[in-house]
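Taking it in order: structure first as structure tokens, then the write-up.
Protein chains: 2
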Amino acid sequence: MSMVHEIAKEAGVSASTVSRVLRNETKGKRVDSVERSERIRKIAHRLGYTQCWRATSFANGKTCGIGLVSEHSEWLFYGMMGQLAGELSRALNQLGYHLVVIPVEETGNWKQLVSGGRVDGVVVLHHYSDSIRKNLEPLNLPLIVVGDSHGVHTHGVVYADEDGAYAATRHLIELGHQRISMYARDVVRPHCSVDERRRGFEGAMREAGLDDGAFWCVPEEELFHRIVRTPSPPTAILCYCHVEAELLYQLAWRYGLSVPRDLSVIAFNDLPSTARMSPPLSTVGFDVARVGAMTAKLIVEAVEGRHGETNELIVHPSLNLRASTSPPGAKST
Amino acid sequence: MSMVHEIAKEAGVSASTVSRVLRNETKGKRVDSVERSERIRKIAHRLGYTQCWRATSFANGKTCGIGLVSEHSEWLFYGMMGQLAGELSRALNQLGYHLVVIPVEETGNWKQLVSGGRVDGVVVLHHYSDSIRKNLEPLNLPLIVVGDSHGVHTHGVVYADEDGAYAATRHLIELGHQRISMYARDVVRPHCSVDERRRGFEGAMREAGLDDGAFWCVPEEELFHRIVRTPSPPTAILCYCHVEAELLYQLAWRYGLSVPRDLSVIAFNDLPSTARMSPPLSTVGFDVARVGAMTAKLIVEAVEGRHGETNELIVHPSLNLRASTSPPGAKST
DNA sequence: ATGAAAGCGCTAACAG
DNA sequence: CTGTTAGCGCTTTCAT
Chain A
21 MSMVHEIAKE
31 AGVSASTVSR
41 VLRNETKGKR
51 VDSVERSERI
61 RKIAHRLGYT
71 QCWRATSFAN
81 GKTCGIGLVS
91 EHSEWLFYGM
101 MGQLAGELSR
111 ALNQLGYHLV
121 VIPVEETGNW
131 KQLVSGGRVD
141 GVVVLHHYSD
151 SIRKNLEPLN
161 LPLIVVGDSH
171 GVHTHGVVYA
181 DEDGAYAATR
191 HLIELGHQRI
201 SMYARDVVRP
211 HCSVDERRRG
221 FEGAMREAGL
231 DDGAFWCVPE
241 EELFHRIVRT
251 PSPPTAILCY
261 CHVEAELLYQ
271 LAWRYGLSVP
281 RDLSVIAFND
291 LPSTARMSPP
301 LSTVGFDVAR
311 VGAMTAKLIV
321 EAVEGRHGET
331 NELIVHPSLN
341 LRASTSPPGA
351 KST
Chain B
21 MSMVHEIAKE
31 AGVSASTVSR
41 VLRNETKGKR
51 VDSVERSERI
61 RKIAHRLGYT
71 QCWRATSFAN
81 GKTCGIGLVS
91 EHSEWLFYGM
101 MGQLAGELSR
111 ALNQLGYHLV
121 VIPVEETGNW
131 KQLVSGGRVD
141 GVVVLHHYSD
151 SIRKNLEPLN
161 LPLIVVGDSH
171 GVHTHGVVYA
181 DEDGAYAATR
191 HLIELGHQRI
201 SMYARDVVRP
211 HCSVDERRRG
221 FEGAMREAGL
231 DDGAFWCVPE
241 EELFHRIVRT
251 PSPPTAILCY
261 CHVEAELLYQ
271 LAWRYGLSVP
281 RDLSVIAFND
291 LPSTARMSPP
301 LSTVGFDVAR
311 VGAMTAKLIV
321 EAVEGRHGET
331 NELIVHPSLN
341 LRASTSPPGA
351 KST
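Note that the protein sequences, when read in sequence, are chains A and B. All residue numbers for the first sequence refer to this note's numbering, where the first residue is 21 and numbers rise by one. All residue numbers for the second sequence refer to this note's numbering, where the first residue is 21 and numbers rise by one.
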């Protein structure tokens with residue numbers, strides 16, 4: 021006999037009542053039923069009742085699981101993605117849900133995870149590729165895409181990358197820089213964030229009447245030539261993310277350049293480690309805790325059919341100015 | 021009518037047979053049944069069958085979910101933990117399981133996740149606290165603890181931290197350093213890794229007849245005094261983890277010290293970013309991909325009742341010598 | 001190797 | 001608000 025029935029017998033009520041009470045599905049208007057609820061809860065506690073989620077999920081068709089779907093799973097928990105995954109999982113827990121990690125691999129196991137009703141909804145982080153879309157769309161699962169607006173209309177959270185790049189570039193221009201480049205490693209995959217950051221950069225450059233053709237998407241070796249082995253190298257660089265900044269710091273260290281005196285550096289992604297760089301890195305950052313919380317809210321609303329007032333959220337960047345940017349030739353800010 | 025029954029009717033067999041075939045529970049000895057299996061699979065495919073995991077889990081009592089339980093969830097996916105979580109989730113997928121993230125919070129929601137049969141087993145990362153143990157033990161869930169051997173006898177994966185610290189210290193001694201300290205920030209919680217790394221450090225120091233009392237667990241401000249404002253500061257430092265190294269680099273940068281000429285630095289944790297530091301950081305690292313794979317194997321064996329030949333694994337460190345360590349006073353290696 | 005029947009433990013629809 | 005009555009879809013005995 022199932023636990024719920026035992027409690028029911030003990031309390032002299034029906035299993036449905038027990039079930040309802042234990043899920044707080046009683047309005048608590050009539051006094052007698054409130055008392056009875058109390059009694060039921062006590063008995064449940066005395067008998068050491070714990071809900072069997074397998075049975076509940078089966079009966080009501082809800083798992084309370086949210087899938088975190090991501091390609092290139094070797095980076096799944098790296099840098100900002102890691103922060104975000106952590107925040108998301110915590111926020112979901114607060115809402116009574118939990119995160120199921122679904123790394124997208126060639127093998128295709130992930131499709132079963134996502135299609136077998138193991139999760140109520142899905143969050144795709146930063147790269148909603150064609151392959152993922154193709155598999156996800158027919159399932160018609162509640163879906164929130166974070167940080168990929170690649171031409172597709174889906175609900176989700178998007179970063180105001182263009183604004184961020186614009187603001188960072190303005191900052192460099194206002195410091196007096198004239199020769200400014202934007203740098204992304206050549207291994208960075210095509211992605212809307214690249215396009216938008218580039219657009220923000222070029223917009224600010226053009227507006228200031230500066231050369232807006234200085235977007236570099238090159239291998240590391242090439243950097244050496246463009247910064248060290250060139251007559252008039254840029255005096256400031258906007259980096260696609262913190263990794264580019266680390267590479268620039270290394271280049272500077274190796275060839276005796278000083279950041280920021282010889283080269284100002286500013287980068288996307290504000291991580292705990294960026295503030296510990298030498299010099300501390302100026303960054304364009306997003307409030308990851310907020311993104312996590314909003315994403316959780318959006319996906320849960322979608323799952324529960326309560327389409328909240330907002331189902332698309334734009335996250336605005338903040339400019340964190342530290343010691344890696346200064347007027348050209350100056351020691352530091 | 022359930023999917024399985026539809027297929028059964030279509031194929032003219034019973035639901036049991038369909039169920040067995042679809043799970044490859046046929047030995048395939050008799051020719052006729054092999055043919056029938058083929059036919060069943062074809063029909064299932066044609067009808068677009070996808071297994072309903074909620075029903076399967078309910079029926080056979082297995083979720084194929086493994087819980088990743090961790091306190092201080094804000095660090096859940098930071099640094100090495102993040103790498104490990106990623107590797108673990110990928111390895112589990114290969115074995116037909118998936119990772120469920122269970123951040124331990126004050127609120128206590130996590131207990132329901134872990135006790136309601138939502139996961140078949142649990143992996144605890146790096147800190148098997150009393151609070152976690154107290155809640156987990158009575159459940160009698162298969163459990164693997166990674167990186168915490170704190171006096172408790174459990175199956176799991178442990179790091180050979182003492183060996184790592186010993187090897188790193190030997191390296192510094194062999195370079196000719198005499199004044200060597202080990203540094204851990206004061207915010208590092210008490211943990212077996214601190215004790216063991218310290219033991220390895222002090223062992224090597226004592227063995228070489230050097231001062232083995234130079235273990236520093238101090239706030240950042242104090243570092244300044246012990247390195248900059250002291251007559252004969254250490255010439256080399258072993259760091260508890262990469263964060264301490266970043267702080268030392270910053271201190272050196274701020275006060276005009278050179279790494280490694282004035283101060284050699286070596287640290288635990290080999291991460292993608294450590295190789296990009298300036299100078300590239302010498303580290304003591306563990307093969308995180310292997311740890312992830314082994315952990316997955318151990319927990320799955322425990323869940324499936326196949327107690328493999330090994331249920332405790334010791335992971336040995338590797339010394340990654342880069343440019344942050346050199347003989348005292350020398351430019352670089 | 002297969003089929004029939006009996007659950008797995010809880011929830012939902014409906015009538016009272 | 002409560003009790004009755006059916007399931008949720010798949011797996012697993014246990015005969016055959």
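Backbone N, C-alpha and C define an ideal beta-carbon position, used for all residues, glycine too.
Checklist entry - From A/L145 to A/V166, what does the alpha carbon distance come to, in whole angstroms? => result 5 Å
Item to check | Limits of the unbroken alpha helix (DSSP H) element including B/M100 | outcome: G99 to Q114
Checklist entry - Taking only beta-carbon atoms, is B/T303 less than 8 Å away from chain A? => result no
Checklist entry - Residues of chain B with a CB under 7 Å from the CB of A/T83: which are they? => result R74
Checklist entry - By the criterion of Cβ-Cβ separation under 8 Å, what are the contact partners of B/W130 in chain A? => result N113
Checklist entry - Hey, A/G87 and A/V143 are a contact pair by Cβ (cut 8 Å); roughly how many whole angstroms apart? => result Indeed they touch by this definition, with Cβ atoms about 7 Å apart.
Checklist entry - Terminal residues of the continuous alpha helix (DSSP H) containing A/C212? => result Its alpha helix (DSSP H) spans residues C212 to E227.
Checklist entry - Going by DSSP, what residues sit across from A/R205 in a beta bridge? => result A/V238
Checklist entry - From the DSSP output, which residues share a beta bridge with A/E332? => result A/G176
Checklist entry - Going by beta carbon distance, what residues of the same chain come within less than 6 Å of A/Y275, once the five residues before and after it are set aside? => result V248
Checklist entry - Taking 7 Å as the line, does the beta carbon of A/H327 fall inside it for any heavy atom of the ligand HEM? => result In the structure on display, the ligand HEM does not appear, and there are no ligands present to speak of.
Item to check | Within 8 Å, strictly: CB atoms of A/I164 and A/V177 | outcome: A/I164 is a Cβ neighbour of A/V177, given a cutoff of 8 Å.
Checklist entry - What are the start and end residues of the beta strand (DSSP E) that includes B/T70? => result Looking at the DSSP string, B/T70 is not in any beta strand (DSSP E), and its letter there is neither H nor E.
Checklist entry - Going along the chain, which unbroken runs of the alpha helix (DSSP H) with 4 or more residues stay wholly within the segment 261-318 of chain B? => result 262-274
Checklist entry - Which same chain residues, not among the five before or five after B/G116, have their C-beta less than 7 Å away from its C-beta? => result C84
Checklist entry - What number of angstroms, rounded off, separates the C-alpha of A/T353 from the C-alpha of A/I193? => result Residue placement at A/T353 is flagged as unreliable, the pLDDT there being 44, under the threshold of 50; a coordinate-derived value is accordingly withheld.
Checklist entry - Are the C-beta of A/I27 and some C-beta of chain B separated by less than 8 Å? => result no
Checklist entry - Which partner residues of A/V121 appear in the DSSP bridge assignment? => result A/L88 and B/L119
Checklist entry - How many Å lie between A/Y12 and A/Y260 at the Cα? => result Here chain A covers residues 21 to 353 and nothing more, so residue 12 of chain A does not appear.
Checklist entry - Is any beta-carbon of chain B found at less than 8 Å from that of A/T294? => result So no, A/T294 is outside the interface.
Checklist entry - Which word fits B/N289, buried or exposed, when buried means at least 16 other C-beta atoms lie within 10 angstroms of its C-beta? => result buried
Checklist entry - Would the beta-carbon of B/V134 fall within 8 Å of that of B/L159? => result Their beta carbons are under 8 Å apart, which means B/V134 touches B/L159 by this criterion.
Next on the checklist: What are the residues in the segment 264-290 of chain A lying within 8 Å of chain B by C-beta distance?
Outcome noted: E266, L267, Y269, Q270, A272, W273 and R274
Checklist entry - For B/S346 versus A/Q270, is the C-beta distance shorter than 8 Å? => result no
Next on the checklist: What does the alpha-carbon distance come out to for the pair A/I200 and B/A265?
Outcome noted: 31 Å
Checklist entry - Quick one, are the C-beta atoms of A/D183 and A/G220 less than 8 Å apart? => result yes
Checklist entry - Count the other CB atoms within 10 Å of the CB of A/N44; is the residue buried (16 or more) or exposed (fewer)? => result By the 10 Å Cβ count, A/N44 comes out exposed.
Checklist entry - According to DSSP, what are the bridge partners of B/S338? => result B/G305
Checklist entry - Going by DSSP, what residues sit across from A/I164 in a beta bridge? => result A/V143
Item to check | Same chain, Cβ closer than 7 Å to A/A309, five either side skipped, listed in chain order | outcome: E107
Checklist entry - Below 8 Å between beta carbons: does that hold for A/V279 and A/D307? => result no
Checklist entry - Listing by chain order, which chain B residues have their CB less than 9 Å from the CB of A/L96? => result Residues of chain B passing the Cβ test: F97, G102, A105, G106, S109 and R110.
Item to check | Burial state of A/M100, where buried means 16 or more other Cβ atoms lie within 10 Å | outcome: It is buried - the Cβ of A/M100 has at least 16 other Cβ atoms within 10 Å.
Item to check | Neighbour flag for B/L133 against chain A, beta carbons, 8 Å | outcome: Cβ-Cβ to chain A under 8 Å: yes for B/L133.
Checklist entry - Any Cβ of chain A within less than 8 Å of the Cβ of B/T70? => result yes
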